[in-house]
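**Student:** In my numbering, the protein residues as written are -9 to 195.
Here's a structure for you.
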């Protein structure tokens, strides 16, 4: 369902921005812009629209924006079309900057309720990137995700905090989901689970 929603949202934004940003008409050319994004950023659209209307060097301006992933330009007769891809924020850090799918940090003018990610630069590898994205996709109520080379991944949801380590993550995430269903909702403190055991788990009080 999430994938379908993102695709639908992207198509809606493409249509809306082409229509709303209007076409810059003159005797010689028409200029339009289409924006593709996975998460709505009204401030981004407003920013690009304003520059497009002002008639400045739009491609150069768009490239200066930290949240622009790519921009391409096509020309046909008196029509110029720009296609802009906006970066997809997956996590945020403690300074409210965002991580994209390559764990590159960037600024975005909109504020999103995304999981907080804490990981040092030296720990960012293809493996840790793919692991973090997999954890995010599997745990819908994820609030924060922390990584250390010593203990691996620590996850926090509204139900519990859990240490899941570095190995057998799929099995440990499945175990986590089963455990939190049976946790006592009357607990005032978040239970802390250590799932880095082949047999069972440890509940830290």
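Yeah, the Cβ is synthetic: ideal placement off N, Cα and C, and Gly gets one too.
The structure presented is a predicted model; accordingly, all values stated were derived computationally and were not measured.
#1: Compute the Euclidean distance between the alpha carbons of residue 125 and residue 141, then round it to the nearest angstrom.
#2: One question on the structure: do residue 129 and residue 145 come within less than 8 Å of each other, judged by their Cβ atoms?
#3: Closest by CA to residue 91, which one among 74, 119, 112, 71?
#4: Would you kindly report the start and end of the unbroken alpha helix (DSSP H) that includes residue 168?
#5: Taking 8 Å as the threshold (beta carbon to beta carbon), is residue 83 in contact with chain D?
#6: Could you give the distance in angstroms between the alpha-carbon of residue 110 and the alpha-carbon of residue 155?
#7: Can you give me the C-alpha to C-alpha distance between residue 47 and residue 40, rounded to a whole angstrom?
#8: Between which two residues does the alpha helix (DSSP H) containing residue 39 stretch?
#9: Are the beta-carbon atoms belonging to residue 88 and residue 79 less than 8 Å from one another?
#10: Roughly how many angstroms lie between the CA atoms of residue 86 and residue 31, to the nearest whole one?
#11: In three-state DSSP terms, what is residue 184?
#12: Taking only three categories from DSSP, how would you classify residue 94?
#13: Going by DSSP, what residue range makes up the alpha helix (DSSP H) through residue 116?
#14: Closest by CA to residue 121, which one among 160, 151, 34?
#15: Out of curiosity, what's the CA-to-CA distance linking residue 50 and residue 29?
#16: Which stretch, first to last residue, makes up the alpha helix (DSSP H) that contains residue 191?
#17: On the DSSP letters alone, give me the boundaries of the alpha helix (DSSP H) that residue 73 sits inside.
#18: Alpha carbon to alpha carbon, how far is residue 179 from residue 77? Give it in angstroms, no decimals.
#19: According to DSSP, which residues form a beta bridge with residue 131?
#20: On the premise that residue 69 lies in contact with residue 20, defined as a C-beta separation below 8 Å, what is that separation, rounded to the nearest angstrom?
#21: Can you tell me the Cα-Cα spacing of residue 131 and residue 59, whole angstroms?
**Tutor:** Looking at the coordinates:
#1: Against the chain shown, residue 125 aligns to sequence position 135. Against the chain shown, residue 141 aligns to sequence position 151. In a straight line, the C-alpha of residue 125 is about 16 Å away from that of residue 141.
#2: Indexing the chain shown from 1 puts residue 129 at position 139. Indexing the chain shown from 1 puts residue 145 at position 155. Yes. Within cutoff.
#3: Here residue 91 refers to the residue found at position 101 when the chain shown is read from its first residue. The candidate whose alpha carbon is nearest that of residue 91 is 119.
#4: Residue numbering aside, residue 168 sits at position 178 when the chain shown is read from its first letter. Unbroken alpha helix (DSSP H) run through residue 168: 159 to 171.
#5: No chain D is present in this structure, which holds just one protein chain.
#6: For the purposes of this step, residue 110 is taken as the residue at position 120 of the chain shown. For the purposes of this step, residue 155 is taken as the residue at position 165 of the chain shown. Going from the Cα of residue 110 to the Cα of residue 155 covers about 16 Å.
#7: Position 57 of the chain shown, counted from the start, is the residue given in the question as residue 47. Position 50 of the chain shown, counted from the start, is the residue given in the question as residue 40. Linking residue 47 to residue 40 through their CA atoms gives a straight-line distance of about 12 Å.
#8: Locating residue 39 in the chain shown gives position 49, counting from the first residue. Element bounds for residue 39: 32 to 44.
#9: Residue 88 sits at position 98 when you count from the first residue of the chain shown. Residue 79 sits at position 89 when you count from the first residue of the chain shown. The answer is yes: Cβ separation under 8 Å.
#10: Position 96 of the chain shown, counting from 1, holds the residue named residue 86. Position 41 of the chain shown, counting from 1, holds the residue named residue 31. For residue 86 and residue 31, the distance between alpha carbons rounds to 15 Å.
#11: The residue labelled residue 184 in the question sits at position 194 within the chain shown. Of the three classes helix, strand and coil, the one that applies to residue 184 here is strand, per DSSP.
#12: Translated into the one-based positions of the chain shown, residue 94 becomes position 104. When DSSP states are grouped into helix, strand and coil, residue 94 belongs to the coil group.
#13: Stepping through the chain shown from its first residue, residue 116 is reached at position 126. Element bounds for residue 116: 116 to 128.
#14: Within the chain shown, numbered from 1, the residue matching residue 121 stands at position 131. Residue 160 is the option with its Cα nearest to residue 121.
#15: In the chain shown, residue 50 corresponds to position 60, counting from 1. In the chain shown, residue 29 corresponds to position 39, counting from 1. Rounded to the nearest angstrom, the two C-alpha atoms are 23 Å apart.
#16: The residue given as residue 191 occupies position 201 in the chain shown. Here residue 191 belongs to no alpha helix (DSSP H), and DSSP marks it neither H nor E.
#17: The residue you call residue 73 lines up with position 83 of the chain shown. If you look at residue 73, you'll find it isn't in any alpha helix (DSSP H); it sits in the beta strand (DSSP E) that goes 69 to 76.
#18: Counting from one through the chain shown, the residue named residue 77 turns up at place 87. Counting from one through the chain shown, the residue named residue 179 turns up at place 189. Rounded to whole angstroms, residue 77 to residue 179 spans 37 Å at the Cα level.
#19: As a working mapping, residue 131 is identified with position 141 in the chain shown. Looking at the DSSP assignment, residue 131 forms no beta bridge with any residue, so it has no partner.
#20: Residue mapping note: residue 20 aligns to position 30 of the chain shown, counting from 1. Residue mapping note: residue 69 aligns to position 79 of the chain shown, counting from 1. Confirmed, about 5 Å.
#21: Within the chain shown, residue 131 is the residue found at index 141, counting from 1. Within the chain shown, residue 59 is the residue found at index 69, counting from 1. If I take the Cα positions, the gap works out to 27 Å.
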